[in-house]
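Asker: Under our numbering, residue 549 is the last one in the sequence shown; the count climbs by one each step, no gaps.
Beta carbons: idealized from backbone N, C-alpha and C, even for Gly.
Quick one: structure below, then a few questions.
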Amino acid sequence: MTVSSSKAIPDGNVFLLWRDTRFVLLFCARVVSVLGNGFARVALAFAVLALPGAGPGRLSLVVACQALPQLLFVLVGGVIADRMSRSALMALADVLGAGAYGGLAAMVLTGAAPLPAMCVLAVLAGTATALFAPASEGLVPVLVPKERLQRANGLLRMGTNTSLLLGLALSGVTVAAVGAGWALALNAASFVVSAALTARLRVPARPRGRTSGWAELKEGWREFSSRQWLWVVVAQSAVVVAALNANVGVLGPLMASQHLGGARSWSVIVAAQAVGTVAGAGLASRIRVPRPLLVAVLCTFPAAVPIALLAASAPVWPTAAAMFASGVASDVFGVLWITTIHHEVPEQALSRVTSYDWFGSLAFAPLGLLVAGPTATAVGTGRALAGCAVLIVLATAAALLSPQVRTMRRAEVD
136 MTVSSSKAIP DGNVFLLWRD TRFVLLFCAR VVSVLGNGFA RVALAFAVLA LPGAGPGRLS
196 LVVACQALPQ LLFVLVGGVI ADRMSRSALM ALADVLGAGA YGGLAAMVLT GAAPLPAMCV
256 LAVLAGTATA LFAPASEGLV PVLVPKERLQ RANGLLRMGT NTSLLLGLAL SGVTVAAVGA
316 GWALALNAAS FVVSAALTAR LRVPARPRGR TSGWAELKEG WREFSSRQWL WVVVAQSAVV
376 VAALNANVGV LGPLMASQHL GGARSWSVIV AAQAVGTVAG AGLASRIRVP RPLLVAVLCT
436 FPAAVPIALL AASAPVWPTA AAMFASGVAS DVFGVLWITT IHHEVPEQAL SRVTSYDWFG
496 SLAFAPLGLL VAGPTATAVG TGRALAGCAV LIVLATAAAL LSPQVRTMRR AEVD
């Protein structure tokens with residue numbers, strides 16, 4: 136049913152979802168897994184820095200070894216997820232992550248942590264994420280009827296965003312109380328719990344095709360590239376994510392230290408955005424719009440506002456308010472975007488297509504971090520931030536030039 140105006144989705148959908156055992160298992164598995172990832176972000180950094188002789192160079196290498204496989208192997212993860220049971224692949228990925236973080240915890244706790252071994256385990260942890268993500272995105276339409284997909288995606292993002300906030304907060308407390316090694320051990324335990332929950336889903340294995348993995352990867356590319364709206368928004372996201380990474384990872388902290396009072400002010404700004412993502416997921420799960428893709432792309436514009444305020448050295452609280460609004464808008468984008476993919480892409484190719492989405496969206500993210508520092512040195516932090524805001528606006532405006540982005544209507548699933 137095409138809806139001519141925005142309105143809330145009936146709350147009955149919520150009760151139907153919470154009465155679905157398989158959705159509850161998926162929700163709990165995702166929440167626990169993301170809680171562990173929140174632990175890992177803080178615990179791994181402090182674990183490396185706590186080792187004798189460790190410094191920024193060693194930390195950068197270990198973190199890079201964790202991040203790079205997420206980009207390199209996500210396409211492989213999409214192919215595998217479309218060739219086997221997605222729930223089984225998620226459970227295997229969680230087991231791999233538990234082993235990797237358990238090994239890191241053991242090395243840190245014993246003090247025997249050679250750099251090559253830490254790098255290998257970091258690569259395994261990143262590979263686990265690359266395998267988990269496409270399978271997880273492709274599993275939702277298998278478990279949830281199409282008329283409840285938007286509500287389900289909104290609830291999942293609410294849960295995972297809240298869990299990430301909790302993980303980030305608890306990890307700092309845990310590191311301070313018992314040390315980074317035990318925090319990594321708790322992270323490994325969270326992956327064990329997630330694996331146990333996901334294994335109970337028991338989604339049947341997919342029929343094995345006669346084509347090779349390479350052929351299926353090319354088939355996924357045809358599914359991806361044949362939809363103008365899909366590759367246009369992914370191209371937009373590649374630029375937007377690079378600009379956001381440069382802001383959050385380098386330029387924002389620099390501006391906060393130079394003009395806003397340092398780390399405490401920056402933590403307020405970042406926390407405001409995180410709270411906004413939780414509110415945005417809740418809002419997105421309840422609204423219906425006739426052109427969800429158009430609304431999703433328009434929701435990217437607010438991301439430029441807090442960056443522009445930082446460039447102008449605006450006070451902390453207006454910047455934090457803008458970051459909250461951008462957090463709300465970003466999760467409205469996220470829910471409408473993934474729900475559109477779930478509706479429009481054939482289920483048998485869904486994990487491969489979402490893996491191309493992940494790969495394209497993250498393609499320039501390392502570059503954004505790489506050039507942010509030198510650019511700030513060359514032209515000044517404020518001008519570098521202003522350039523990021525301009526890039527977001529231009530990329531989003533360019534995406535709106537696509538007729539499919541502007542005109543695609545809500546799928547008739549009711």
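Given a cut-off of 8 Å on the beta-carbon distance, is the pair residue 503 and residue 381 in contact?
Answerer: Contact: yes.
Asker: By the three-class DSSP mapping on this structure, what secondary structure does residue 157 have?
Answerer: Of the three classes helix, strand and coil, the one that applies to residue 157 here is helix, per DSSP.
Asker: For residue 405 and residue 338, what's the separation of their Cα atoms in angstroms?
Answerer: The straight-line gap from Cα to Cα measures roughly 38 Å.
Asker: What is the rounded straight-line gap between the Cα of residue 147 and the Cα of residue 388?
Answerer: Because residue 147 sits at a pLDDT of 45, beneath the cut-off of 50, its placement in the model cannot be relied upon, and the following sentence gives the value as read from the coordinates. If you take the alpha carbons of residue 147 and residue 388, they lie about 44 Å apart.
Asker: Within 10 angstroms of its Cβ, does residue 361 collect 16 or more other Cβ (buried), or is it exposed?
Answerer: Residue 361 is exposed by the Cβ-count criterion.
Asker: Would you tell me roughly how many angstroms separate the C-alpha atoms of residue 480 and residue 373, rounded to the nearest one?
Answerer: Taking the straight line from one Cα to the other gives about 21 Å.
Asker: May I ask you to report which of helix, strand or coil DSSP gives residue 139?
Answerer: Note that residue 139 scores 35 on pLDDT, short of 50, meaning its location in the model is unreliable and no value can be drawn from it.
Asker: At the level of alpha carbons, what is the spacing between residue 450 and residue 247?
Answerer: Approximately 46 Å, taken between the alpha carbons.
Asker: What would DSSP say about residue 423, mapped onto helix, strand or coil?
Answerer: Strand, per DSSP.
Asker: Between the C-alpha atoms of residue 529 and residue 510, what's the straight-line distance to the nearest angstrom?
Answerer: Straight-line Cα distance between these residues: approximately 19 Å.
Asker: Enumerate in chain order the residues of its own chain whose CB-to-CB distance from residue 500 is below 6 Å, with the five nearest sequence positions on each side excluded.
Answerer: Answer for residue 500: 376, 377 and 380, listed in chain order.
Asker: Does DSSP put residue 434 in a helix, a strand or coil?
Answerer: Coil, per DSSP.
Asker: Let me know if residue 261 comes out buried or exposed under the rule of 16 or more other beta-carbons within 10 Å of its beta-carbon.
Answerer: Its Cβ being crowded by 16 or more others within 10 Å, residue 261 is buried.
Asker: The alpha helix (DSSP H) that contains residue 220, what's its start and end?
Answerer: Where residue 220 is concerned, there is no enclosing alpha helix (DSSP H), given that its DSSP letter is neither H nor E.
Asker: Using C-beta distances below 7 Å, list every residue in its chain close to residue 459, excluding the 5 sequence neighbours before and after it, in chain order.
Answerer: Excluding sequence neighbours, residue 459 sits near 407, 408, 410 and 411.
Asker: Where do the N-terminal and C-terminal ends of the alpha helix (DSSP H) with residue 330 fall, by residue?
Answerer: Taken as a continuous stretch (DSSP letters only), the alpha helix (DSSP H) holding residue 330 covers 315-334.
Asker: At the level of alpha carbons, what is the spacing between residue 249 and residue 168?
Answerer: Going by the C-alpha atoms only, they are around 27 Å apart.
Asker: In the DSSP assignment, find the unbroken alpha helix (DSSP H) run with residue 389 in it and report its ends.
Answerer: From DSSP, the alpha helix (DSSP H) with residue 389 extends over 387-390.
Asker: Nearest to residue 122 by alpha carbon, out of 448, 445 and 293?
Answerer: With the chain represented from 136 up to 549, any question about residue 122 goes unanswered, as that position is not in the structure.
Asker: Cα-Cα, which of 496, 413 and 224 is closest to residue 335?
Answerer: Comparing Cα positions, the closest option is 224.
Asker: So residue 209 and residue 490 are in contact, right, with Cβ under 8 Å, and what is the actual spacing, rounded?
Answerer: Residue 209 to residue 490, Cβ: 5 Å. Contact.
Asker: Closer than 7 Å by C-beta to residue 254: which residues in its own chain qualify, once you throw out the five before and the five after it? Chain order, please.
Answerer: The residues are 196, 197 and 200.
Asker: Would you call the region 232-241 in contact with the region 286-301, where contact means no fewer than 3 C-beta pairs closer than 8 Å?
Answerer: They do not touch, by the three-pair rule.
Asker: Using alpha carbons as the reference points, say which of 437, 365 and 444 lies closest to residue 541.
Answerer: Cα-wise, what sits closest to residue 541 is 365.
Asker: Quick check on residue 550: buried or exposed, where buried means 16 or more other Cβ atoms within 10 Å of its Cβ?
Answerer: Not covered by the structure: residue 550. The range shown for the chain is 136 to 549.
Asker: Return the CA-CA distance between residue 474 and residue 227, expressed in angstroms with no decimal places.
Answerer: Straight-line Cα distance between these residues: approximately 26 Å.
Asker: Can you list, in chain order, the residues of its chain with a C-beta nearer than 6 Å to that of residue 464? Leave out the 5 residues immediately preceding and following it.
Answerer: Same-chain partners within the cutoff: 434 and 437.
Asker: I need the DSSP call for residue 499, collapsed to helix, strand or coil.
Answerer: Residue state, collapsed to three classes: coil.
Asker: Counting along the chain, where does the alpha helix (DSSP H) carrying residue 550 start and finish?
Answerer: Beyond the ends of the chain as shown, which are 136 and 549, falls residue 550; an answer cannot be given.
Asker: Drop a sphere of 10 angstroms on the beta-carbon of residue 143, count the other beta-carbons inside from all chains shown, and report buried for 16 or more, exposed for fewer.
Answerer: Residue confidence for residue 143 is low, a pLDDT of 41 falling below 50, so the modelled location carries little weight; the figure read from the coordinates is stated next. The residue in question, residue 143, is exposed, as its Cβ has fewer than 16 Cβ neighbours within 10 Å.
Asker: Using 10 angstroms around the beta-carbon of residue 221, count the other beta-carbons present and answer buried if the total reaches 16, otherwise exposed.
Answerer: Looking at its Cβ environment, which holds 16 or more other Cβ atoms inside 10 Å, residue 221 is buried.
Asker: Which whole-angstrom value describes the C-beta separation of residue 413 and residue 297, a residue pair presumed to lie in contact below a C-beta threshold of 8 Å?
Answerer: 5 Å between Cβ atoms; contact.
Asker: Can you find the residues in the same chain that come closer than 6 Å, C-beta to C-beta, to residue 320, ignoring five residues on each side of it along the sequence?
Answerer: The residues are 240.
Asker: Please report the Cβ distance between residue 432 and residue 531, rounded to the nearest whole angstrom; I am assuming they are in contact, meaning their Cβ atoms lie under 8 Å.
Answerer: 6 Å between Cβ atoms; contact.
Asker: Would you kindly work out how many angstroms separate the C-alpha atoms of residue 526 and residue 312, rounded to a whole number?
Answerer: Straight-line Cα distance between these residues: approximately 42 Å.
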